Amino acid sequence: MRWSRLFIPTLREDPAEAEVISHKLLLRAGYIRQLAAGIYNYLFLARRSLNRIVQIVREEMDAIGAQEMLLPALNPAEIWQESGRWEIMGNDMFRLKDRNGHDLCLGMTHEEVMTVIARNELHSYKQLPQIWYQIQTKFRDEPRPRSGLMRVRQFIMKDSYSFDMDAAGLDQAYQKHYDAYCRIFSRCGLQYLAVEAHTGAMGGSLSHEFMVKSPAGEDWVVECPKCGYSANLEKAVSRPAPPQAPDPEGDLSPEEFHTPGRKTIAEVAEFTNLPETSQIKSLVMVAKGEPVLVLLRGDHQLSETKFAAAVGTSDFRPAHPEEIVNWFGASAGSLGPVGVKNMRILADLALEGRRNMIAGANRDDYHLRHVTPGEDFEAQFSDLRHAASGDACVECGGEITLSKAIEIGHIFKLGYRYSDSMGVRVLNAEGKEVTPIMGCYGIGIERILTAAVELYADADGMALPTAIAPFHVVITPVNLGDAAQREAAEKIYQECLDAGVDALLDDRDERPGVKFKDADLIGIPYRITVGKKLAQGKVELVTRRGKQTAEVEAANAARCVAERVQLDLRG
RNA sequence: CGGGGCGUAGCGCAGCCUGGUAGCGCGCCUGCCUUGGGCGCAGGAGGCCGGCAGUUCGAAUCUGCCCGCCCCGACCA
């Protein structure tokens with residue numbers, strides 16, 4: 001295509017509203033424009049890039065025997081009421097009424113619709129297994145849309161659903177997806193990792209997330225460089241680093257001491273001259289209206305996900321200051337477990353076996369020393385804390401690391417959650433009714449583009465992987481006024497097209513600097529510069545990522561690019 | 001939803017405190033000039049100053065309400 005005829009509205013300056021790299025660059029490079037919070041226009045370049053991503057996803061899904069469908073985004077309330085998610089989804093779901101006053105919603109995911117199809121059409125074990133998928137727009141009224149395309153209210157998702165006779169069948173469907181996802185993300189040129197994930201609102205037993213490490217990410221992943229263990233921080237387990245000071249020996253009894261004005265763990269540590277690891281941190285949560293005292297080692301952080309699992313509800317919040325005074329007779333900063341009888345006490349595993357620690361005395365400005373879990377108070381022990389860098393891997397003892405990451409895909413073993421509640425039944429070989437087991441699997445299409453931009457951006461713009469770039473090569477005649485250059489560029493352009501290379505001819509009557517800057521900005525992987533050296537029959541082949549320049553014969557330029565592109569796409 | 005910030009030309013910003021009818025850079029249009037990293041010169045177009053109400057002789061500027069956007073926290077592809 002000819003640049004002079006295309007709509008590629010590049011910007012010289014960073015738009016004020018953009019904070020993260022991918023957001024700035026997608027706007028500056030003319031890929032996207034914002035319409036409202038979390039709602040974007042995908043302009044010409046973005047559409048081309050997303051089309052390529054979609055095509056790769058489609059090929060790999062088809063390759064595992066998945067069948068593409070297209071389901072309506074507009075859903076009747078009834079099916080969501082049936083699964084119970086009409087209420088559960090709360091404000092995250094866009095809802096509307098039709099002219100007759102019937103409730104409708106915009107689909108945020110399609111378990112319900114797929115399950116309805118399965119219920120109506122699947123009757124026999126002979127029809128299973130099935131894998132159905134679609135690539136379709138999803139709507140979620142996010143509490144806080146963010147960071148350009150990272151977190152939006154309308155986005156494209158590849159979602160697939162598997163139906164199997166038994167858990168072994170589900171294992172296979174899950175593994176097929178796992179492998180397909182690896183191929184998809186590799187082909188898209190991403191450096192990614194698969195991590196164990198929390199199953200969240202989806203329910204189900206096993207789940208992996210596919211992550212691209214990036215400072216712009218919204219998730220944290222824990223990795224063990226030694227054995228390869230990796231998990232989302234929400235899910236990750238680790239062995240805590242040992243306490244920084246040994247516990248005092250002996251069968252000591254709790255003993256109150258004055259700590260005037262010392263409220264935080266750090267202040268008490270400084271005052272007592274003992275490390276934070278010697279303290280018991282006391283947090284008060286209110287779960288389903290009931291107070292719960294949560295105990296952690298002083299230097300540890302509460303994982304709300306693990307806490308939710310421990311109390312069996314996600315309906316919880318930190319206690320209000322008045323409630324705390326009411327229940328404890330003291331304020332936050334002087335709380336502890338000793339003598340607490342009016343609420344459930346949960347303690348993190350890192351406190352198990354510890355002796356003679358420091359805790360709040362439930363009296364303002366006083367703490368206790370010599371507090372021993374299990375002797376001076378009773379608690380239920382479970383894993384409640386976030387893994388932290390410096391912890392040891394539970395598998396191999398290696399030191400774990402934490403990194404921020406962008407979630408690009410997620411696979412779940414759903415189990416019977418939907419097939420059961422919505423009544424999918426098929427007859428097995430013995431003629432008995434059984435409920436199929438399900439899995440569901442998602443990929444955020446825009447997130448692949450976003451992650452690629454984040455991963456490969458430099459000071460001049462994006463440097464997209466060939467497989468997902470909107471064009472493979474841009475041909476840039478330096479001086480259009482020079483007939484020889486103009487004609488050579490035209491010729492190379494034609495030869496590229498003939499060789500199956502997606503070429504963009506920058507035939508704009510602009511100064512060379514403008515063309516170079518724009519080409520760099522929009523991230524086309526290769527550039528052929530037709531300039532002065534044409535007099536010697538030569539042109540330049542510039543690789544966007546890394547900016548290496550090679551001189552090639554003008555006559556060979558198209559072939560050189562074609563070879564490189566082929567090599568890249570094989571990746 | 002809680003907390004913080006912002007809204008003036010297509011983009012980036014100044015003006016607002018101390019009211020007097022809007023300015024800069026980039027981009028855009030025309031002409032000349034130039035052509036290897038966002039050239040130069042000359043001329044020009046473009047703004048209900050987010051909206052509504054109030055104060056005032058007079059409001060971008062002061063007051064109130066509303067709307068929108070961004071960032072930080074609880075959700076997820």
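First residue of the first sequence? That's 1 in this note's numbering, and the numbers climb one at a time after it.
A virtual CB, placed ideally from N, CA and C, is assigned to each residue, including glycine.
In this text, all values refer to a predicted model and were calculated from it rather than measured experimentally.
Rounded straight-line distance, which links the Cα of residue j to that of residue i
i	j	result
Ala-310	Ser-382	7 Å
Glu-378	Val-371	11 Å
Asn-342	Trp-327	8 Å
Ser-314	Thr-199	13 Å
Pro-246	Lys-226	28 Å
Gly-65	Ile-448	23 Å
Thr-264	Gln-34	44 Å
Val-325	Arg-355	27 Å
Glu-19	Asp-518	21 Å
Val-434	Ser-331	56 Å
Ser-303	Phe-7	48 Å
Val-426	Ser-160	20 Å
Asp-92	Val-394	36 Å
Ile-79	Cys-105	10 Å
Val-284	Glu-17	38 Å
Leu-70	Gln-134	5 Å
Ile-184	His-386	31 Å
Gln-191	Arg-262	47 Å
Gly-500	Ala-452	24 Å
Val-222	Asp-365	37 Å
Asp-376	Pro-240	23 Å
Gly-169	Asp-179	16 Å
Glu-255	Leu-349	24 Å
Glu-276	Gly-374	20 Å
Minimum C-alpha distance to residue i - residue among the options
i	options	result
Val-116	Leu-274, Val-394, Met-357, Val-424	Val-424
Cys-182	Thr-199, Ala-194, Ala-173	Ala-194
Gly-312	Lys-288, Leu-296, His-320, Gly-333	Lys-288
Asp-551	Val-565, Gln-566, Gly-531	The sequence given here places Glu at residue 551; Asp does not occur at that position. Looking at the Cα atoms, Gly-531 is the closest of the given residues.
Asn-479	Pro-470, Ala-489, Val-473, Pro-143	Ala-489
Arg-564	Thr-529, Pro-465, Lys-491	Pro-465
Ile-21	Ala-63, Ala-459, Ser-334	Ala-459
Arg-344	Leu-295, Ile-358, Lys-547, Thr-543	Leu-295
Asp-391	Gln-127, Leu-45, Ser-238, Ala-350	Ser-238
Arg-2	Phe-271, Pro-248, Asp-509	Asp-509
Ser-147	Arg-527, Ala-173, Pro-15, Tyr-416	Pro-15
Pro-243	Phe-94, Ser-124, Leu-252, Leu-351	Leu-351
Under 8 Å between C-beta atoms of residue i and residue j
i	j	result
Ile-408	Asp-166	no
Ala-463	Arg-545	yes
Gln-380	Leu-346	yes
Asp-506	Thr-476	yes
Phe-139	Met-108	yes
Lys-404	Gly-217	yes
Leu-149	Leu-26	yes
Gly-537	Ala-558	no
Ser-83	Met-357	no
Cβ distance (whole Å) where residue i is taken to contact residue j below 8 Å
i	j	result
Ala-214	Leu-455	The residue you asked about is not Ala; residue 214 is Ser in the sequence shown. Yes, they are in contact, since the Cβ atoms of Ser-214 and Leu-455 sit about 6 Å apart, within 8 Å.
Gln-279	Val-268	6 Å
Met-157	Gly-398	Wrong, their Cβ atoms sit about 35 Å apart, outside the cutoff.
Three-state class that DSSP yields for residue i in the structure shown
i	result
Cys-560	helix
Arg-47	helix
Tyr-133	strand
Asp-518	helix
Cys-105	strand
Tyr-416	coil
Phe-471	coil
Leu-567	helix
Leu-534	helix
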